[in-house]
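S.K.: Here it is, the structure, as structure tokens.
Residue numbers (our numbering): 16 to 215.
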């Protein structure tokens, strides 16, 4: 009986040691996996502004403003090449110039915050650009000016929101740019009124 009891105790102890060893090995593997994982946003080149946007309203604004600026610059370039009316060509040149200046200021804020600006526009906006670039004559002028009205309405709403930001760098930048955006919007409306598609 004593021999049987001792044998049973040895078997139980051995099973316990095996189980503990297995758990310790698992813990070591988990620790190794976690230590090899890179933290989110640890890119040494700077955190992408759009990646941080869901957590940081300032980064979200910077990302959206940068994408809008890329779109406006491209539309300025296309407008100067393809517009039929000289007034629209002149407007397009103003758009490109003003948004390049705005982009420089935005890049300075992003650099100070270690944020990386997006370099491409969204697929939806690219689709509008593609449609625009395929048009000619009055169709181009009408579509272009109406696009500018819509884009600047969106921009004004974005910058008005940012002008109330507790982040002073962002709020000062937004307040400085708002008059220019409002002027662009007014000019676009005046040009678009000449090309109301429902009256052609």
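Glycine residues also receive a C-beta, built at the ideal position from the N, C-alpha and C atoms.
Cα separation between residue 133 and residue 112?
M.R.: 20 Å
S.K.: Specify the secondary structure class of residue 144 as computed by DSSP and reduced to three states.
M.R.: helix
S.K.: May I have a chain-ordered list of the alpha helix (DSSP H) segments no shorter than 4 residues that lie completely inside the stretch 77-152?
M.R.: Considered as a whole, the stretch 77-152 harbours 101-127, 138-148 as its complete alpha helix (DSSP H) runs of no fewer than 4 residues, in chain order.
S.K.: With distances taken Cα to Cα, identify the nearest neighbour of residue 199 among 74, 156, 87, 97.
M.R.: Residue 87 is the option with its Cα nearest to residue 199.
S.K.: Are the CB atoms of residue 173 and residue 162 within a distance shorter than 8 Å?
M.R.: no
S.K.: For residue 157, which of helix, strand or coil comes out of DSSP?
M.R.: helix
S.K.: Starting from residue 186 and walking both ways along the alpha helix (DSSP H), at which residues does that stretch end?
M.R.: 183-207
S.K.: Is the separation between the beta-carbon of residue 77 and that of residue 121 shorter than 8 Å?
M.R.: Yes, they are a contact pair.
S.K.: By a C-beta neighbour count over all protein chains shown, 10 Å radius and 16 as the cutoff for buried, is residue 40 buried or exposed?
M.R.: Because residue 40 carries a pLDDT of 46, less than 50, the predicted location of this residue cannot be relied on, and no value is offered for it.
S.K.: Tell me which same chain residues have a C-beta within less than 8 Å of the C-beta of residue 136, skipping the five on either side of it?
M.R.: 82, 85, 86, 89, 144
S.K.: Mind checking residue 207: buried by the 16 CB within 10 Å criterion, or exposed?
M.R.: buried
S.K.: What residue from 152, 139, 129, 209 has the CA that sits closest to residue 95's CA?
M.R.: 152
S.K.: Would you decide whether residue 202 is buried or exposed? Buried here means 16 or more other CB atoms lie within 10 Å of its CB.
M.R.: In this structure residue 202 is buried. Its beta-carbon is surrounded by 16 or more other beta-carbon atoms within 10 angstroms.
S.K.: Would you tell me roughly how many angstroms separate the C-alpha atoms of residue 149 and residue 141, rounded to the nearest one?
M.R.: 13 Å
S.K.: Which of the three DSSP states is assigned to residue 73 in this structure?
M.R.: It is helical.
S.K.: In whole angstroms, what is the alpha-carbon distance linking residue 186 and residue 196?
M.R.: So the alpha carbons of these two residues sit roughly 15 Å apart.
S.K.: Does the beta-carbon of residue 131 have 16 or more other beta-carbons within 10 angstroms, so that it is buried, or is it exposed?
M.R.: Buried: at least 16 other Cβ atoms inside 10 Å.
S.K.: Of the residues 92, 74, 98, 71, which one's Cα is nearest the Cα of residue 156?
M.R.: 98
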